[in-house]
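Numbering (the numbering used here), first residue to last: 300 to 428. Ideal placement from N, C-alpha and C gives every residue a C-beta, glycine not left out. Computed from a predicted model, the values in this text were never measured in an experiment. Before any comments, here is the structure.
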Amino acid sequence: MLIFRPTMIGRIRTYLIRYARLQTGTVSYLTLVQEAELGLNLEISHEKSRLNEMLAEISTQEHEAGHPPLSCLVKVQGSKGQGDNFYKLCEKMGMGEWRSLKQDEEFLKNLIRDTRQFWREEANFQQFS
Numbered sequence: 300m301l302i303f304r305p306t307m308i309g310r311i312r313t314y315l316i317r318y319a320r321l322q323t324g325t326v327s328y329l330t331l332v333q334e335a336e337l338g339l340n341l342e343i344s345h346e347k348s349r350l351n352e353m354l355a356e357i358s359t360q361e362h363e364a365g366h367p368p369l370s371c372l373v374k375v376q377g378s379k380g381q382g383d384n385f386y387k388l389c390e391k392m393g394m395g396e397w398r399s400l401k402q403d404e405e406f407l408k409n410l411i412r413d414t415r416q417f418w419r420e421e422a423n424f425q426q427f428s
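Printed below as a string of structure tokens:
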């Protein structure tokens with residue numbers, strides 16, 4: 300896995316924590332890039348891959364700390380859920396076989412709900428943000 304500038308990962312993580320606390324629904328890749336001021340061009344495949352890798356790194360670190368994966372809040376604009384890579388990441392984190400997770404309509408809804416609940420709890424926000 301590539302090593303990224305901590306500032307960019309920090310901006311993504313901070314943005315997603317704030318989003319989990321204050322917003323509903325999910326955020327598109329484009330909105331994340333613009334609002335977190337990442338300076339990435341999603342039309343360039345390696346820059347989009349870089350964003351995916353950073354989201355995976357953040358979610359892996361969150362999972363290892365016992366927190367829900369923040370990347371469940373980010374989706375491709377116009378899609379109705381997550382792509383295969385998200386479910387493969389969940390499989391790597393021990394949540395189940397990725398194809399089964401993708402077919403389970405409740406899995407993603409529950410992750411999003413758990414992520415919001417975790418970060419809306421003031422004690423968690425104060426301690427871990």
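Handout entry: Beta-carbon spacing of Met353, Ile308 below 8 Å
Key = Against a cut-off of 8 Å, the Cβ pair of Ile308 and Met353 comes out as a contact.
Handout entry: Sequence-distant residues of its chain with Cβ nearer than 6 Å to Lys387 (five each side left out)
Key = Within the same chain, Lys387 has close Cβ partners Trp397.
Exercise for the section: Specify the secondary structure class of Ile302 as computed by DSSP and reduced to three states. Expected result: Caution applies to Ile302, whose pLDDT of 48 falls short of 50 and renders its modelled position unreliable; the model cannot decide the point.
Practice task
Could you pull the start and end residues of the alpha helix (DSSP H) that Glu356 belongs to?
Solution key: Segment Ser344 to Glu363, the alpha helix (DSSP H) holding Glu356.
Handout entry: For Ser428, three-class secondary structure by DSSP
Key = Residue state, collapsed to three classes: coil.
Exercise for the section: Return the Cβ separation of Arg415 and Ala335 in integer angstroms, given the expectation that the two are a contact with Cβ distance under 8 Å. Expected result: Wrong, their Cβ atoms sit about 18 Å apart, outside the cutoff.
Exercise for the section: Below 8 Å on the Cβ atoms is my guess for Leu350 versus Val332; work out the distance and round it to an integer in Å. Expected result: Distance from Leu350 to Val332 at the Cβ level is roughly 7 Å; contact confirmed, criterion being Cβ atoms closer than 8 Å.
Practice task
Return the Cβ separation of Pro368 and Phe417 in integer angstroms, given the expectation that the two are a contact with Cβ distance under 8 Å.
Solution key: For a cut-off of 8 Å, the C-beta gap from Pro368 to Phe417 is around 10 Å, too long to register as a contact.
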